[in-house]
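**Student:** Quick one: structure below, then a few questions.
Right, here's the structure in full:
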């Protein structure tokens with residue numbers, strides 16, 4: 030399609046640019062009233078409007094099935110709030126902490142596990158007082174070795190704001206690693222500027238970027254150039270992918286993505302099992318399907334290109350690999366073992382039939 034000039038943020042915008050038909054507008058408006066909509070020009074241009082199963086469209090265009098909520102789904106599916114010692118902080122693991130400095134994203138993925146916690150209605154970022162409190166907590170907690178900056182998407186902040194946070198964390202001696210989680214190099218690559226790179230490197234800490242991408246078509250020439258700017262500046266990049274029904278839940282698609290990432294100098298890191306976020310059943314696979322896909326990827330790919338298939342156990346029990354740490358109880362029921370050796374029941378019941 031023709032590339033729009035600005036980010037599309039409403040059902041009317043999507044219709045005006047030919048991404049949805051007039052008959053789809055009422056349902057898209059209903060979804061948009063509950064969950065934020067944003068499609069950047071870079072992603073809009075990739076959408077094949079003639080393909081009802083287009084993997085880019087399915088990630089970003091609202092679907093009325095998002096309003097179907099299952100009893101097992103949870104607005105806080107991995108227990109962020111249970112492990113939050115201060116606004117914007119999640120301290121689930123002793124040696125690392127999430128610092129959610131931004132509340133907004135350049136795009137809103139329809140499967141987002143923080144969909145109830147992000148959006149323009151929350152403001153752009155942590156307030157100065159909230160950020161100060163979060164930094165005080167990090168200073169006072171010497172076990173914290175790594176700070177993972179997330180949100181929202183922290184790369185939507187101005188380079189000035191990024192530099193301020195980098196410099197503040199750079200003054201905390203026990204913090205050694207800063208890891209920035211972002212979708213920006215793929216969905217809005219023009220934001221990866223020399224000023225942003227300089228801001229990321231405004232301390233002596235080791236800096237990593239964690240790139241969220243789910244399909245090889247997202248890795249356009251512009252995206253690869255943005256990734257190269259990070260890597261060439263000495264910022265290693267790892268990837269996170271969500272296993273999504275109808276988008277990347279086949280071995281050929283995942284193989285193509287992982288090879289493309291390695292060719293772009295990105296190390297595949299995690300393949301996430303879909304979380305129990307409200308209105309996302311139509312995206313979730315079963316654990317058995319994910320395990321079978323990983324088995325096939327192991328037959329096709331070198332270790333350099335293999336991610337770890339993981340589940341964030343509901344209730345803030347942490348992330349574990351699903352090629353181990355799991356025992357089937359028959360049917361959709363599983364026992365999942367956390368890193369401390371405790372077992373938790375997990376039910377695969379909340380998945381939807383294959384897309385038509």
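Numbering (this note's numbering), first residue to last: 30 to 385.
The beta-carbon is built from N, C-alpha and C at its ideal position, and this holds for glycine as well.
DSSP three-state call for residue 374: helix, strand or coil?
**Tutor:** Residue 374: strand per DSSP, three-state reduction.
**Student:** Residue 355 and residue 302: beta carbons closer than 8 Å?
**Tutor:** No, Cβ-Cβ distance for residue 355 and residue 302 is not below 8 Å.
**Student:** With a threshold of 8 Å on Cβ separation, who are the neighbours of residue 345 within its own chain once the five nearest residues in sequence on each side are excluded?
**Tutor:** So the qualifying residues of the chain are 107, 108, 109, 111, 112 and 121.
**Student:** Just to confirm, is the Cβ distance from residue 248 to residue 280 under 8 Å?
**Tutor:** Not a contact, by the Cβ cut-off of 8 Å.
**Student:** Under 8 Å, Cβ to Cβ, is there at least one residue of chain E near residue 198?
**Tutor:** In the structure shown, chain E does not exist; there is a single protein chain.
**Student:** Restricting to Cα atoms, I'd like to know which of 349, 361 and 102 is closest to residue 369.
**Tutor:** Ranking the options by Cα distance to residue 369, first place goes to 349.
**Student:** Between residue 319 and residue 365, what straight-line distance do the alpha-carbon atoms span, to the nearest angstrom?
**Tutor:** Taking the straight line from one Cα to the other gives about 15 Å.
**Student:** Buried or exposed for residue 334, please, with buried defined as at least 16 other CB atoms from any protein chain shown within 10 angstroms of its CB.
**Tutor:** Under this definition residue 334 is a buried residue.
**Student:** Name the residue from 155, 99, 246 and 225 whose alpha carbon lies nearest to the alpha carbon of residue 216.
**Tutor:** Considering only alpha carbons, the answer is 246.
**Student:** Whole angstroms are fine: how far does the CA of residue 145 sit from the CA of residue 168?
**Tutor:** Rounded to whole angstroms, residue 168 to residue 145 spans 29 Å at the Cα level.
**Student:** Out of 377, 192 and 148, state which residue places its alpha-carbon closest to the alpha-carbon of residue 182.
**Tutor:** The shortest C-alpha separation from residue 182 is found at 148.
**Student:** Does the distance from the C-beta atom of residue 166 to that of residue 197 stay below 8 Å?
**Tutor:** No.
**Student:** Could you pull out every residue in the same chain whose Cβ sits closer than 7 Å to the Cβ of residue 253, ignoring the five residues on either side in sequence?
**Tutor:** Same-chain partners within the cutoff: 293.
**Student:** For residue 239, name the three-state secondary structure that DSSP assigns.
**Tutor:** Three-state DSSP puts residue 239 in a strand.
**Student:** In or out: residue 211 buried (at least 16 other Cβ within 10 Å) or exposed?
**Tutor:** When all chains shown are included, residue 211 counts as buried.
**Student:** For a test of the three-state rule: what should DSSP assign to residue 311, helix, strand or coil?
**Tutor:** Reduced to three states, the DSSP call for residue 311 is helix.
**Student:** Does residue 191 come out as helix, strand or coil in the three-state DSSP assignment?
**Tutor:** Note: residue 191 maps to helix in three-state DSSP.
**Student:** I'd like the span of the beta strand (DSSP E) that includes residue 258, first residue to last.
**Tutor:** Segment 250-261 is the alpha helix (DSSP H) holding residue 258; no beta strand (DSSP E) there.
**Student:** Evaluate the contact criterion for the stretch 253-270 versus the stretch 97-106: three or more CB pairs, one atom per stretch, below 8 Å.
**Tutor:** With the cut-off at 8 Å, the stretch 253-270 and the stretch 97-106 do not touch.
**Student:** For residue 304, which residues from the same chain have a beta carbon less than 7 Å from its beta carbon, with the 5 sequence-adjacent residues on both sides left out?
**Tutor:** Within the same chain, residue 304 has close Cβ partners 106, 107, 142 and 341.
**Student:** On the criterion of 16 or more Cβ atoms from any shown chain inside 10 Å, does residue 200 qualify as buried, or is it exposed?
**Tutor:** Exposed, by the Cβ-count rule.
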